[in-house]
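Participant: Have a look at this one.
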Amino acid sequence: MTPVHLADSVLAQEGQIPLPYRTIIEPFKIHSTQAIDFPTPDQREAALQRAGYNLFGLHAEEVIIDLLTDSGTGAMSAKQWAGMMVGDESYAGSRSFYRFETAVKDLTGFDEIIPTHQGRAAERILFSVTVKAGDVVPNNTHFDTTRANVEYQEAEARDLVIPGGTDPAHVLPFKGNMDVAALRATIEAVGRERIPMVMVTVTNNSGGGQPVSMENLREVRAICDEYGIPLILDACRFAENAWFIKLREPGYADKTPKEIAREMFSLADGCTMSAKKDGLANIGGFVALNDPEVAAACRNLLILTEGFPTYGGLAGYDLEAIAQGLEEVLHEEYLRYRIRSTEYLAEKVLGAGVPIVRPPGGHAVYLDAKAFLPHIPPHEYPAQSLAVELYREGGVRGVEIGTVMFGRARAGQPDEAAAMELVRLAIPRRTYTQSHIDFVGEVVIAVAARSESLRGYRIVEQAPWLRHFTARFEPIT
Ligand SMILES: Cc1ncc(COP(=O)(O)O)c(C=O)c1O
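So, in structure tokens, the structure goes:
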């Protein structure tokens with residue numbers, strides 16, 4: 009396997025590394041710590057059985073390195089904690105809301121800013137107002153909650169990522185791009201009136217944390233303009249996407265991440281956001297829009313389910329943390345370290361011949377279970393088997409992104425398989441150090457060495473949607 013040095017080489021070429029050394033260090037020092045527990049192999053086995061082999065069912069203290077998600081699991085800065093101390097908890101018109109609103113407007117340029125308790129609440133509110141039964145929502149790739157919220161409106165969530173976007177071994181700089189020809193064909197076939205919005209997810213989480221180029225956003229914008237369809241960004245990882253544009257897209261090397269992010273937002277009519285990712289906060293989200301009528305309808309629903317429009321289900325101190333986080337996430341030193349640390353894990357496992365989605369994404373390394381475990385068919389959940397084994401081996405918790413998450417259960421038949429069988433090792437922001445990541449690499453390599461001994465699973469209990477959160481499994485012997 010060839011190690012991927014994409015970001016590294018681009019940085020070196022352009023002379024952007026501020027210190028003349030190869031190691032890119034964490035741009036922070038640790039101010040307070042949380043102890044890691046070390047469950048024994050027997051304790052891990054017992055935990056797996058209790059949880060029905062679903063890693064969502066583990067207690068955090070049963071996990072050694074938790075790479076389940078990068079969502080809400082990052083460490084906040086001293087400035088964010090300081091902001092929390094001055095959070096204004098007024099029910100209406102809180103000072104913290106206005107600080108938050110100013111930060112979001114300054115970043116996105118959108119006029120209407122609606123706080124929500126997290127990303128999926130933003131999705132539910134926006135889709136309840138704009139999507140109706142029988143509609144089709146195109147996206148490069150819907151994330152699980154986005155798909156579920158579209159389907160909850162009895163509409164179709166259609167994934168239109170470029171060809172190659174679902175081939176883990178295919179190396180492209182902007183593998184999250186939307187297939188614009190397929191988008192046009194979809195609009196022509198379905199009819200403009202049944203397409204309430206086009207969404208683009210930056211970065212493309214379910215497709216490997218892959219970025220979307222500015223050029224692609226411009227092309228999608230042009231098609232949306234032609235048909236009069238709003239373009240909405242799923243902006244969870246806008247800063248990581250902006251950094252990839254800086255590294256990889258001609259014409260952007262000298263722009264700041266903030267300038268690039270603003271340009272990305274300027275091409276859209278609105279966004280949904282989970283501030284638990286590139287908001288660097290532990291909770292929160294928002295819908296931001298230009299259309300005042302849609303925003304008014306969203307606020308009405310917000311009052312019904314989340315809270316008054318100046319807090320949207322959040323405490324004043326959460327709004328402070330998000331406002332500060334949105335600024336910090338665009339610091340170049342942070343983004344350089346962030347993207348490099350993901351790439352570092354990728355290089356480690358690739359170097360040992362472990363198949364992963366290439367090039368590595370922004371927030372996570374995605375192990376390719378289909379290539380890793382060719383002897384386990386999709387309906388026996390190879391990525392679930394691999395995820396369970398990483399936990400069994402070294403207490404490392406990742407998440408299945410494959411047929412459990414995206415396949416469809418069919419009565420009396422094996423599940424319809426997902427496009428890819430991945431285990432995502434998502435790296436919480438500013439939380440783990442290089443030695444933690446070295447440890448994860450060793451665990452992955454140890455499991456790889458005995459991959460032929462891994463067996464599939466069957467589902468014995470599942471919910472009608474988002475089944476991966478609560479399903480229970482049994483090993484197939
Ligand atoms: C691309 C994407 N969209 C939406 C969401 C939903 O956000 P939340 O978990 O805050 O509801 C996520 C969360 O992982 C995501 O990755």
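Here the numbering used here is used: the first residue of the sequence shown is 9, the next is one more, and so on.
By construction, the Cβ of each residue, glycine as well, lies at the ideal position given by its N, Cα and C atoms.
Is any heavy atom of ligand 1 found at a distance shorter than 7 angstroms from the C-beta of R128?
Facilitator: Here residue 128 is taken as the residue at index 120 of the sequence shown, counted from 1. For ligand 1, at least one heavy atom lies less than 7 angstroms from the Cβ of R128.
Participant: Considering only heavy atoms of ligand 1, does any lie closer than 7 angstroms to the CB of K140?
Facilitator: Within the sequence shown, numbered from 1, the residue matching residue 140 stands at position 132. Because no heavy atom of ligand 1 lies under 7 angstroms away, the Cβ of K140 does not count as near it: no.
Participant: Is any non-hydrogen atom of ligand 1 found closer than 7 angstroms to the C-beta of T116, if you look at the structure I gave you?
Facilitator: Here residue 116 is taken as the residue at index 108 of the sequence shown, counted from 1. No - ligand 1 has no heavy atom lying nearer than 7 angstroms to the Cβ of T116.
Participant: Taking the alpha-carbon positions, what's the L8 to E109 distance?
Facilitator: The requested residue 8 does not occur in the structure, where the chain is confined to residues 9 to 485.
Participant: Does at least one heavy atom of ligand 1 sit under 7 angstroms from the Cβ of K284?
Facilitator: Here residue 284 refers to the residue found at position 276 when the sequence shown is read from its first residue. Yes.
Participant: What whole-angstrom Cβ distance do M205 and P238 have, given they're in contact under 8 angstroms?
Facilitator: Taking the first residue of the sequence shown as 1, we reach residue 205 at position 197. Taking the first residue of the sequence shown as 1, we reach residue 238 at position 230. The pair is a contact, with the Cβ atoms about 5 angstroms apart (cut-off 8 angstroms).
Participant: If you run the structure through DSSP and keep just helix, strand and coil, what is H476?
Facilitator: Your numbering for residue 476 matches position 468 in the sequence shown. Note: H476 maps to helix in three-state DSSP.
Participant: For L327, count the other beta carbons within 10 Å of its own beta carbon; 16 or more makes it buried, fewer makes it exposed. Which is it?
Facilitator: Locating residue 327 in the sequence shown gives position 319, where the first residue counts as 1. Classification of L327: buried, given that the 10 Å Cβ count is 16 or more.
Participant: When DSSP labels each residue in this structure, what does P265 get in the three-state scheme?
Facilitator: For the purposes of this step, residue 265 is identified with residue 257 of the sequence shown, where counting begins at 1. Helix at P265.
Participant: Rounded C-beta distance between I453 and A296? I'm assuming under 8 angstroms.
Facilitator: Taking the first residue of the sequence shown as position 1, residue 453 is located at position 445. Taking the first residue of the sequence shown as position 1, residue 296 is located at position 288. No, I453 and A296 are not in contact; Cβ-Cβ is about 43 angstroms, not under 8 angstroms.
Participant: Please report the residue range of the alpha helix (DSSP H) in which S393 lies.
Facilitator: Translated into positions along the sequence shown, residue 393 becomes position 385. Looking at the DSSP string, the run of the alpha helix (DSSP H) that includes S393 is 390 to 402.
Participant: Just tell me which of A90, A377, M207 has its CA closest to the CA of T280.
Facilitator: Within the sequence shown, the letter at position 272 stands for residue 280. It is M207 whose Cα lies nearest to the Cα of T280.
Participant: Nearest-angstrom Cα distance between D532 and R58?
Facilitator: As shown, the chain starts at 9 and ends at 485. That puts residue 532 outside it, with no answer to give.
Participant: Which one or two residues does DSSP pair with M92 in a beta bridge?
Facilitator: What you label residue 92 is simply residue 84 of the sequence shown in a count that begins at 1. Paired residue(s): none; M92 is not in a bridge.
Participant: Going by Cα to Cα distance, which pick from M272, A129, G173 is closest to A156?
Facilitator: Translated into positions along the sequence shown, residue 156 becomes position 148. Looking at the Cα atoms, A129 is the closest of the given residues.
Participant: Could you give the uninterrupted runs of the beta strand (DSSP E) lying entirely in the segment 416 to 470, keeping only those of 3 residues or more?
Facilitator: Counting whole runs of 3 or more residues, the segment 416 to 470 contains the beta strand (DSSP E) stretches 416 to 418, 421 to 424, 430 to 434, 465 to 469.
Participant: Does the Cβ-Cβ distance between F414 and Y61 come in under 8 angstroms?
Facilitator: Numbered from its first residue, the sequence shown carries residue 414 at position 406. Numbered from its first residue, the sequence shown carries residue 61 at position 53. For F414 and Y61, no; Cβs fall outside 8 angstroms.
Participant: Give every residue of the same chain whose Cβ lies closer than 8 angstroms to the Cβ of V412, excluding the five residues on either side of it in the sequence, and list them in chain order.
Facilitator: Residue 412 sits at position 404 when you count from the first residue of the sequence shown. So the list reads Y389, A391, Q392, I467, R475, H476, A479, once near-sequence residues are dropped.
Participant: With respect to the alpha helix (DSSP H) encompassing S282, which residues constitute its N-terminal and C-terminal limits?
Facilitator: Along the sequence shown, read from residue 1 onward, the residue named residue 282 stands at position 274. Run containing S282: none in the alpha helix (DSSP H); it sits in the beta strand (DSSP E), 278 to 282.
Participant: When the Cα of E355 is compared with those of S274, G449, A289, K266, which residue comes out closest?
Facilitator: Position 347 of the sequence shown, counted from the first residue, corresponds to residue 355. Of the candidates S274, G449, A289, K266, the one whose C-alpha sits nearest the C-alpha of E355 is G449.
Participant: Does DSSP put T153 in a helix, a strand or coil?
Facilitator: Counting from one through the sequence shown, the residue named residue 153 turns up at place 145. Reduced to three states, the DSSP call for T153 is helix.
Participant: From the DSSP output, in three-state form, read off R405 for me.
Facilitator: The residue labelled residue 405 in the question sits at position 397 within the sequence shown. If DSSP states are grouped into helix, strand and coil, R405 belongs with the strands.
Participant: Given G184, which residues of its chain have a CB within under 6 angstroms of its CB, disregarding the five upstream and five downstream residues?
Facilitator: In the sequence shown, residue 184 corresponds to position 176, counting from 1. For G184, where only same-chain residues beyond five positions count, the Cβ hits under 6 angstroms are N148, T211, N212, G215, Q218, P219, V220.
Participant: Starting from R132 and walking both ways along the alpha helix (DSSP H), at which residues does that stretch end?
Facilitator: Within the sequence shown, numbered from 1, the residue matching residue 132 stands at position 124. First-last of the alpha helix (DSSP H) with R132: 127 to 138.
Participant: For P363, which residues of its own chain have a beta-carbon under 6 angstroms away from its beta-carbon, when the five flanking residues on both sides are left out?
Facilitator: Within the sequence shown, numbered from 1, the residue matching residue 363 stands at position 355. Around P363: D376, A379, F380.
Participant: Among R416, R348, P367, S459, which has the Cα closest to the Cα of V396?
Facilitator: For the purposes of this step, residue 396 is taken as the residue at position 388 of the sequence shown. Of the listed residues, the one whose Cα sits closest to V396 is S459.
Participant: Is the beta carbon of N62 within less than 7 angstroms of some heavy atom of ligand 1?
Facilitator: Mapped onto the sequence shown, residue 62 falls at position 54. Answer for N62: no, Cβ out of range of ligand 1.
Participant: For the beta strand (DSSP E) that D242 lies in, which residues bound it at each end?
Facilitator: Numbered from its first residue, the sequence shown carries residue 242 at position 234. First-last of the beta strand (DSSP E) with D242: 239 to 242.
Participant: So, for G117: in the same chain, excluding its five sequence neighbours on each side, which residues have a beta-carbon less than 8 angstroms away from its beta-carbon?
Facilitator: Walking along the sequence shown from the start, residue 117 turns up at place 109. The residues are R270, F273, S274.
Participant: Just to confirm, does F36 get its C-beta within under 7 angstroms of one of the non-hydrogen atoms of ligand 1?
Facilitator: Locating residue 36 in the sequence shown gives position 28, where the first residue counts as 1. Outside the cutoff, so no.
Participant: For S104, which of A457, P483, P422, Y319 has the nearest alpha-carbon?
Facilitator: Working through the sequence shown from its first residue, we reach residue 104 at position 96. Among A457, P483, P422, Y319, the Cα nearest to that of S104 belongs to Y319.
Participant: Let me check you understand the geometry: is the CB of S79 closer than 7 angstroms to at least one non-hydrogen atom of ligand 1?
Facilitator: Counting from one through the sequence shown, the residue named residue 79 turns up at place 71. Yes, since a heavy atom of ligand 1 falls inside the 7 angstroms radius drawn around the Cβ of S79.
Participant: Taking the C-alpha atoms as reference points, what is the distance between L497 and I240?
Facilitator: Because the chain in this structure spans residues 9 to 485, residue 497 falls outside the shown range and cannot be described.
Participant: Beta carbon of G293: closer than 7 angstroms to some heavy atom of ligand 1?
Facilitator: Numbered from its first residue, the sequence shown carries residue 293 at position 285. Checking every heavy atom of ligand 1 against the Cβ of G293, one is found closer than 7 angstroms.
Participant: Only counting the same chain, and skipping five residues up and downstream in sequence, which positions put a Cβ closer than 6 angstroms to that of A83?
Facilitator: The residue labelled residue 83 in the question sits at position 75 within the sequence shown. Within the same chain, A83 has close Cβ partners R438, T439.
Participant: According to the Cβ coordinates, are P265 and A247 closer than 8 angstroms?
Facilitator: Position 257 of the sequence shown, counted from the first residue, corresponds to residue 265. Position 239 of the sequence shown, counted from the first residue, corresponds to residue 247. A contact, by the Cβ cut-off of 8 angstroms.
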